[in-house]
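Structure record follows, encoded as structure tokens.
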Amino acid sequence: MGKAEENECELLFTNELVDGDRGTVRPRDPATPRYVVGIGASAGGLEALTALISHLPVNLGICYVVIQHLSPTYRSMMAQLLGRDTEMAVREAEDGGQLEANTIFIAPANHNLTLQGDSFVLVETPPRVAPKPSVNVFLASLAEARGDDAIGVILSGTGSDGAQAIGGIKAAGGFTFAQEPASAKYSGMPQAAIDTGTIDWVLPPEQIAQRIADIARSREHLAPPETNFGSASTLKKLLLKVRQHTKVDLNGYKENTVWRRIERRMAANRMVTLEEYLAHVDAVPDELDLLYKDVLISVTSFFRDAPAFEALGNVLEGLLREKRPGDELRVWVAGCATGEEAYSIAMLLCERSGAALANLRVQIFATDLDLNAMALARKGVYSSAAVGTLDPELVARYFVPRNDAYEVSKTLREMVVFARQDLVQDPPFLRLDLITCRNVLIYFQSELQARILSVFHYALRPEGFLFLGKSENVYQQDSLFGPVHKDARIFRRENVLTRPNLSGGSFILSPADRAGAEVEKIVEKSAATLYQESAARFYQPPGILINGNFAILHLQGKVGDFLNVGDGRPSFDLPHLIRKEFSADLQTLLHQARHKQGSAYGRPRTLKLADGKRLVRMVIHALEANTANGMFLVVFEAVAKSRSAVGTAIGEAGATVRELEDEIIAMREHLQAVIEELETSNEEMQALNEEVQAANEELQSSNEELEASNEELQATNEELTTVNEELQIKSAQLLEFNYDLESIQSCIG
1297 MGKAEENECE
1307 LLFTNELVDG
1317 DRGTVRPRDP
1327 ATPRYVVGIG
1337 ASAGGLEALT
1347 ALISHLPVNL
1357 GICYVVIQHL
1367 SPTYRSMMAQ
1377 LLGRDTEMAV
1387 REAEDGGQLE
1397 ANTIFIAPAN
1407 HNLTLQGDSF
1417 VLVETPPRVA
1427 PKPSVNVFLA
1437 SLAEARGDDA
1447 IGVILSGTGS
1457 DGAQAIGGIK
1467 AAGGFTFAQE
1477 PASAKYSGMP
1487 QAAIDTGTID
1497 WVLPPEQIAQ
1507 RIADIARSRE
1517 HLAPPETNFG
1527 SASTLKKLLL
1537 KVRQHTKVDL
1547 NGYKENTVWR
1557 RIERRMAANR
1567 MVTLEEYLAH
1577 VDAVPDELDL
1587 LYKDVLISVT
1597 SFFRDAPAFE
1607 ALGNVLEGLL
1617 REKRPGDELR
1627 VWVAGCATGE
1637 EAYSIAMLLC
1647 ERSGAALANL
1657 RVQIFATDLD
1667 LNAMALARKG
1677 VYSSAAVGTL
1687 DPELVARYFV
1697 PRNDAYEVSK
1707 TLREMVVFAR
1717 QDLVQDPPFL
1727 RLDLITCRNV
1737 LIYFQSELQA
1747 RILSVFHYAL
1757 RPEGFLFLGK
1767 SENVYQQDSL
1777 FGPVHKDARI
1787 FRRENVLTRP
1797 NLSGGSFILS
1807 PADRAGAEVE
1817 KIVEKSAATL
1827 YQESAARFYQ
1837 PPGILINGNF
1847 AILHLQGKVG
1857 DFLNVGDGRP
1867 SFDLPHLIRK
1877 EFSADLQTLL
1887 HQARHKQGSA
1897 YGRPRTLKLA
1907 DGKRLVRMVI
1917 HALEANTANG
1927 MFLVVFEAVA
1937 KSRSAVGTAI
1947 GEAGATVREL
1957 EDEIIAMREH
1967 LQAVIEELET
1977 SNEEMQALNE
1987 EVQAANEELQ
1997 SSNEELEASN
2007 EELQATNEEL
2017 TTVNEELQIK
2027 SAQLLEFNYD
2037 LESIQSCIG
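Numbering-wise (my numbering), the sequence shown opens with residue 1297 and increments by one.
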């Protein structure tokens, strides 16, 4: 794997470098084009290209690059033909040539064209790889080199070239187009791109030209990020709408990442302020789905960062040596995108274990939020460009050629189970030997990163391994993981006790955010309301309202006697604030109250307060039933001493013994509650696993049926390809005859 692939994630972020904390984009070199448009076409592409080029304004400051499939021996006249329909310069791209604004470049035959920085690089194509030049190869390099300044267009053609790489442009923040299949002579390429779910617009060529012009012009007038972020309430309303519509909370994502995606959608809709965009969202609710898909960045490749995977292979060898025949080997690939990483892990296990893998029960769980990306992962079909970075021996062992693409072997496919999962809200898989979560945490704020790392620690077996991306680390939870290979970002689980947040519901929103999300209603207080508030103030014991995650939502009465507030950053987590006399009872009582949907009573505790010693017990009442999180009221009740207690002098030693005995009883109850929670969680995960396995079997059955249909289609496609090549030859001969005829006529005239 080359250096470009290793640094793909960093290059994506290079296009989003900001100054300060409000997302101000650094200015680019004005000599370079504002956008670079990659246009892929094949059979029937000349007509579509002519319609597109002829409707493009000349002075947009954009560079266009046309990738048209050509026979290696065919002398293309594409530049002359397109030059008739535009005033822009049209010429063939040359090795080392520079991008130019208001210019159309044509990829030469028998070469793959790539982009490095602002320069073209011609690459000889291997004889076995088709088609030529590759649309996938150029679009992948375009996404890497230009990021959110890239635009990808797929026009008429057979096959699926371009479909694999078009998603990379969208993931980098660029825009994507596909020709409306009904307007294309051959709908194979545009339809394949549409099927990926990463196309922004499906339009006829003339309308694609108009939309490109709109994007270029609207970006010039887009309000600066600091102006839009000045309206914090508007942004908050927008993110709330996204959460309500998709059940995914973006508040924990890094601000700059979210802003770049919002800015992209604003440019796509020709809007310049956040208020305009919010009004558009209200009028067109489907826009929320488009924004949501933009935020889900799905950029990956096979064995991304090869040295890191080599180090992981060494770790897996040691892990495999510890396994005995019949043991489970469980791996979780979190944020699997289109599946390349999951299949890379499967290949690595096969390569490092040999025949011994057949004696183990291997389960690789690959999860992601993006259903479109997961649909591609389940199919397991990848372009020649996608597998081009792999060792040819690996391709021969683990892939089956399918015309211009490659399908993963049945051996790999049966090792991987794909399922949708939200890292922020859904419970994890358990008893895992390895978790890989690469280039996902970098999009989250540090608080959310810490929470997810604690969940990973909980999900791993003792001595299990965590594999992160090149730009990620565990410094937020360094007590939970120890380094195994720092450069490769491989860590081992430390055997320390933690209390991860496994409850349903969002990990992100603070209590204040949740309260602020509701519309406030101001009503005049009635006499009954005034009485209730007064009674609660003067006669109700001190209490704390919490949710199922122990987050404090509201305080009532004089609760300061029962909380310890120290120096440093304030916390709303009750276990960190409550006095040590009640800390052992807290989780046990909450579990009992949730289980009974009633009240749970703790043992009386003797507290030394400013006004002397008092006997107090903690009571927790469940307030909401049948909810994932629940609401609970923690009350501190004063307990009256009995007459015998008053008349009996208890020595200090006896009191200490009694307190220790009470603590032992409380710890036993707490331990039992923890055991019950673990058993319940284990049963739920087993049920989930069985459901996933059943779904996997159904998908495998469907896949076999699709394989049979695909083979028939491949045979038909090969026949059509042969006919198409013959037509291209005849067309080229006809063009030559026409030019000769024109020359003769001009001489005669």
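In this text, a Cβ means the ideal position worked out from N, Cα and C, and glycines have one as well.
Residues sharing a beta bridge with residue i, DSSP
| i | result |
| --- | --- |
| Asn1843 | Met1927 |
| Cys1359 | Val1332 and Thr1399 |
| Trp1497 | Phe1473 |
| Tyr1678 | Tyr1702 |
| Arg1709 | Paired residues: none, contrary to the question. |
| Asp1664 | Arg1716 |
| Ala1934 | Val1912 |
| Lys1537 | None; Lys1537 has no bridge partner. |
| Glu1388 | Ile1402 |
| Cys1733 | Leu1764 |
| Asp1582 | None, per the DSSP bridge assignment. |
| Tyr1897 | Val1915 |
Local conformation of residue i per DSSP, three classes
| i | result |
| --- | --- |
| Thr1492 | coil |
| Asn2034 | helix |
| Ser2042 | helix |
| Thr1741 | The residue you asked about is not Thr; residue 1741 is Gln in the sequence shown. Three-state DSSP puts Gln1741 in coil, outside helix and strand. |
| Arg1939 | Confidence in Arg1939 is poor, its pLDDT being 47 and thus under 50, which makes the residue's placement unreliable; the coordinate value appears in the next sentence. In this structure, Arg1939 counts as helix in the three-state DSSP scheme. |
| Ala1405 | coil |
| Ile2025 | helix |
| Tyr1754 | helix |
| Phe1858 | helix |
| Leu1366 | coil |
| Val1770 | coil |
| Ile1349 | helix |
| Arg1789 | strand |
Chain-order list of residues whose beta-carbon lies under 7 Å from that of residue i (same chain, five-residue window excluded)
| i | result |
| --- | --- |
| Thr1596 | Ala1633, Thr1634, Glu1636 and Glu1637 |
| Leu1667 | Arg1716 |
| Asp1718 | Val1544 and Leu1665 |
| Thr1472 | Gly1448, Ile1462, Ile1465, Lys1466, Thr1494, Ile1495 and Asp1496 |
| Val1691 | Val1683 and Tyr1702 |
| Ile1840 | Ile1848, Leu1851, Val1855, Leu1870 and Val1930 |
| Val1419 | His1407, Asn1408 and Thr1410 |
Cutoff 6 Å; reference residue i; Cβ partners in own chain excluding five residues on either side
| i | result |
| --- | --- |
| Leu1870 | Ile1842, Phe1846 and Ile1848 |
| Leu1411 | Ser1437, Leu1438 and Ala1441 |
| Tyr1639 | Val1704 and Leu1708 |
| Glu1613 | Arg1648 |
| Trp1628 | Phe1661, Phe1725, Leu1728 and Ile1731 |
| Gly2049 | No statement about residue 2049 is possible, as the shown extent of the chain runs from 1297 to 2045 and does not include it. |
Distance between residue j and residue i (C-alpha atoms, nearest Å)
| i | j | result |
| --- | --- | --- |
| Ser1750 | Glu1790 | 11 Å |
| Ile1495 | Leu1851 | 50 Å |
| Arg1939 | Asn1860 | Since pLDDT at Arg1939 reaches only 47, below the 50 mark, its modelled position is unreliable, and no value is offered. |
| Arg1901 | Ala1934 | 10 Å |
| Ile1916 | Pro1724 | 28 Å |
| Asn1992 | Val1704 | 16 Å |
| Asn1524 | Val1568 | Reliability of the predicted coordinates at Asn1524 is poor, the pLDDT of 46 falling under 50, and no value is obtained from them. |
| Gln1376 | Leu1708 | 48 Å |
| Ile1660 | Ala1642 | 8 Å |
| Gly1926 | His1891 | 11 Å |
| Met1374 | Ser1529 | 53 Å |
| Gln1888 | Ile1874 | 19 Å |
| Tyr1573 | Arg1913 | 53 Å |
| Gln1460 | Gln2041 | 47 Å |
| Val1677 | Gln1883 | 49 Å |
| Glu1759 | Arg1788 | 6 Å |
| Leu1534 | Val1720 | 19 Å |
| Val1332 | Val1361 | 8 Å |
| Lys1766 | Leu1776 | 19 Å |
| Phe1434 | Ala1671 | 24 Å |
Check: residue i C-beta below 6 Å from any heavy atom of the ligand FMN
| i | result |
| --- | --- |
| Ser1879 | The model depicted lacks the ligand FMN and carries no ligand whatsoever. |
Residues of its chain near residue i, where Cβ-Cβ distance is below 8 Å and the 5 sequence neighbours each way are ignored
| i | result |
| --- | --- |
| Glu1961 | It should be noted that the sequence gives Ile, not Glu, for residue 1961. Correct list, in chain order: Arg1899. |
(request) Taking 8 Å as the threshold, find out whether the stretch 1533-1547 comes into contact with the stretch 1584-1594 through three or more Cβ pairs. (result) yes
(message) Whether or not the stretch 1472-1487 and the stretch 1336-1349 are in contact is what I'm after, with contact meaning three or more pairs of Cβ atoms, one per stretch, closer than 8 Å; do they touch?
(response) yes
(request) Mind the definition here: the stretch 1384-1404 touches the stretch 1339-1357 only if three or more C-beta pairs lie below 8 Å; say whether that holds. (result) yes
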